[in-house]
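Numbering (our numbering), first residue to last: 1 to 501. No residue lacks a Cβ here, since even glycine has one placed at the ideal position from N, Cα and C. No experiment lies behind these values; they were computed from the predicted model shown.
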Ligand code: BES
Ligand code: ZN
Ligand code: ZN
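In structure tokens, the structure reads:
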């Protein structure tokens, strides 16, 4: 998949050579001088004429007419050196890889030295190369007679980097690739329609993943849930012919099972809304209501690849939310595993019910820290749009660690407030401990506040990805459809995690 060589070999034959180009300081000096010389200074002319651009994310394809081994140079605009960032590099490379794939090339070479500047070194650049490569070239296969996947894929990357040891570069390429591929797995899970990914299918997938990385697995069946009193998850499943699953994966990277991070992902494989049924326009797309589960499974894949010295328990409550004579009804009162009773005012607020038992169960498995991820509310889209994940927390220090990871992954997160008066609203039922839908005012906060009732005093962060799990617009690092959002943030968070004092 990747080959690393420490000297740039201009005679080596490649379909293309990717070269980074800064706007300032001027172009073909220093690292790029050799390349321009091979063309007797003609590249400098092309830049002057605007045929090659150094503007951020501009891609310029130049045929080399056998002057060098590579058939083409792909110049990637990196803007001004002073304004250069890792995020820009990742997106610029994404734009380049998309074009290379569209041009049906099957291999590419990268001149790594041309991508480093300031504090961004070869290790960072190598990570950006493979992460962007994996993310940008992703396609969901689909079910057409002719697959959506490209006929020809880039199968090999040659990386020329002289500034760091080749083994270190290779290690960083592997890490970046793991981040990209774990995210792609999350995307595929979200893109799968509800009939192709039931709770049973998700459990099978989790078992397969666990086998690959030697995670300990536990899959709770309906009977187990009844025994454990998981009345909240069972209530959501009540109207379905598909059995529910509570999926647990354990990764132990420390000698002792302590300082355990619980990752909890909403795994509603299709959300009709139940008797509080969704309108016909709002129901389309609800196959993505397991985006939280996908993010957690994607993160577990990255964790399995990179094996950080951390302990993680992943808990995924999975079912669809359907209607039948047996289904949950508005006004019903149910009892969660925690013992807290819940008055169901809206069967479409099902995610928080499933998460309630999952959070309780994560604690039973020893989770000392909790992060839940869920396509929980339309309200978060109203509040923050489709670019930003909404967050709530009961612990600012833990949230800070999530925020740092999200910056590194370039997956924006914004915290919403959670005051005592907000908590009061989820406790306002006259006949039960909690109610699952205290009205539309601030309802992204209400969704999180409800889950927080089950986290209790355990440090907890809630991530509402209803707006960010999917996109209807292709972008530099992926196609339209599922984004795989939070898989990378969660994995980075776990890798960098430091226990709270
Ligand atoms: N799965 C939805 C939230 C959602 C909406 C996800 C749009 C992705 C896109 C969730 O179960 C839901 O229906 N939430 C309700 C909560 C309300 C009834 C309190 C909502 O947001 O309208
Ligand atoms: Zn719902
Ligand atoms: Zn839902």
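Residue i CB to nearest heavy atom of ligand 2 below 7 Å
i           : result
residue 349 : yes
residue 457 : no
residue 20  : no
residue 224 : no
residue 321 : yes
Host beta strand (DSSP E) of residue i (start-end)
i           : result
residue 252 : 245-252
residue 60  : 59-63
residue 391 : 389-393
residue 44  : Not the beta strand (DSSP E): residue 44 falls in the alpha helix (DSSP H), residues 42-48.
residue 431 : Careful: residue 431 lies outside any beta strand (DSSP E) and carries neither H nor E.
residue 310 : Element bounds for residue 310: n/a, residue is neither H nor E.
residue 368 : 367-374
residue 415 : 413-415
residue 3   : 2-5
residue 464 : 460-464
residue 343 : 341-343
Outcome for residue i when other beta-carbon atoms lying within 10 angstroms are tallied against a minimum of 16
i           : result
residue 118 : exposed
residue 238 : buried
residue 419 : exposed
residue 245 : buried
residue 473 : exposed
residue 397 : exposed
residue 508 : The first residue shown for the chain is 1 and the last is 501, placing residue 508 beyond what the model contains.
residue 49  : exposed
residue 250 : buried
residue 322 : buried
residue 1   : exposed
residue 443 : buried
residue 503 : Nothing about residue 503 can be reported from this structure: the residues present for the chain run from 1 to 501 only.
residue 406 : buried
residue 34  : exposed
residue 51  : exposed
residue 482 : buried
residue 41  : exposed
heavy atom of ligand 1 below 7 Å from residue i C-beta
i           : result
residue 385 : no
residue 375 : yes
residue 437 : yes
residue 364 : no
residue 466 : yes
residue 481 : no
residue 381 : yes
residue 378 : yes
residue 443 : yes
residue 472 : no
residue 486 : no
residue 286 : yes
residue 346 : yes
Which listed residue (the options) has its alpha carbon closest to that of residue i
i           : options               : result
residue 291 : 79, 372, 64 and 362   : 372
residue 111 : 251, 353, 258 and 128 : 128
residue 227 : 312, 357 and 113      : 357
residue 502 : 469, 45 and 23        : As shown, the chain starts at 1 and ends at 501. That puts residue 502 outside it, with no answer to give.
residue 18  : 49, 64, 42 and 45     : 64
residue 59  : 85, 8, 98 and 378     : 98
residue 207 : 248, 229, 233 and 178 : 248
residue 36  : 73, 14 and 377        : 73
residue 432 : 62, 466, 334 and 500  : 334
residue 130 : 493, 210, 94 and 344  : 94
residue 159 : 355, 481, 414 and 7   : 7
residue 452 : 193, 410 and 264      : 264
residue 374 : 289, 46 and 303       : 289
Residue i Cβ short of 7 Å to ligand 3 heavy atom set
i           : result
residue 402 : no
residue 268 : yes
residue 271 : yes
residue 289 : yes
Residue span of the alpha helix (DSSP H) that contains residue i, given as start and end
i           : result
residue 205 : 199-213
residue 272 : Unbroken run through residue 272: none, as it is neither H nor E.
residue 54  : Residue 54 -> no alpha helix (DSSP H), and no H or E assigned at all.
residue 18  : Run containing residue 18: none in the alpha helix (DSSP H); it sits in the beta strand (DSSP E), 17-21.
> For the 8 Å Cβ check, are there 3 or more pairs between the region 208-223 and the region 334-350?
Replying inline: no
> So, do the region 311-321 and the region 252-272 have three or more beta carbon pairs nearer to each other than 8 Å?
Replying inline: yes
> Quick one: any contact between the region 321-338 and the region 418-426, if contact means 3 or more CB pairs under 8 Å?
Replying inline: Flag = no, the region 321-338 and the region 418-426 do not touch.
> Are the region 431-448 and the region 67-79 in contact at 8 Å, needing three or more beta carbon pairs?
Replying inline: no
> Using 8 Å as the threshold, is the region 246-262 in touch with the region 276-291, meaning 3 or more CB pairs across them?
Replying inline: no
> Is the region 169-188 touching the region 479-497, taking contact as three or more C-beta pairs under 8 Å?
Replying inline: yes
> Would you call the region 455-462 and the region 361-379 touching, i.e. three or more CB-CB distances under 8 Å?
Replying inline: Cβ pair count under 8 Å is three or more, so yes.
> Is there contact between the region 183-199 and the region 136-154, where contact requires at least three CB pairs shorter than 8 Å?
Replying inline: yes
> Is the region 301-312 touching the region 391-408, taking contact as three or more C-beta pairs under 8 Å?
Replying inline: Verdict: no, contact absent.
>> Any contact between the region 377-388 and the region 463-478? By contact I mean 3 or more CB pairs, one from each, below 8 Å.
In response: Judged by pairs of C-beta atoms under 8 Å, the region 377-388 touches the region 463-478, as three or more such pairs exist.
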